[in-house]
Amino acid sequence: MRQSRQASNNLFVRDGCDWSAKAVYAALENKGFDLPDLEKELGLKAGSMRNVFYRRCRKYERVIAGKIGVDPAIIWPSRYPASTSNAA
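In our numbering, the protein residues as written are 22 to 109.
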């Protein structure tokens, strides 16, 4: 039985949940990048960007999301809560 593309995407990335490190690595690889490339591009020490998987780091989040072609809030929704404006 063949699943739709959307259904198979949910095997790796769940809506409203942070992407796993493996999903981020795969998305970067799909675009022709990897973390060591990005670290060199930014002049960082090897392994520095792995911190993005454990703690908030806006600069690294923006760089990774930019290379993948999505907003950082798509990859890390827990770090970018949806703004709910209660107009009073």
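Glycine included, C-beta positions come from ideal geometry on N, C-alpha and C.
Given the structure is predicted, the values throughout are model-derived calculations rather than measurements.
Between the options, which has its C-alpha nearest residue i's C-alpha?
i   : options               : result
D58 : C78, R79, Y75 and K88 : K88
W40 : K52, M70 and I95      : I95
C78 : R100, A67 and F54     : R100
Y36 : P102, P98 and A103    : Note that residue 36 corresponds to Asp in the displayed sequence, not to Tyr. When each option's Cα is compared against that of D36, the closest is P98.
So, are the CB atoms of residue i and residue j less than 8 Å apart?
i   : j   : result
A42 : F74 : yes
I85 : L49 : yes
R76 : L56 : no
If you reduce the DSSP assignment to three classes, tell me which class residue i lands in.
i    : result
C38  : coil
G90  : coil
A44  : helix
P102 : coil
What residue ranges within the region 47-81 form continuous alpha helix (DSSP H) runs of no fewer than 4 residues, ordered along the chain? 56-63
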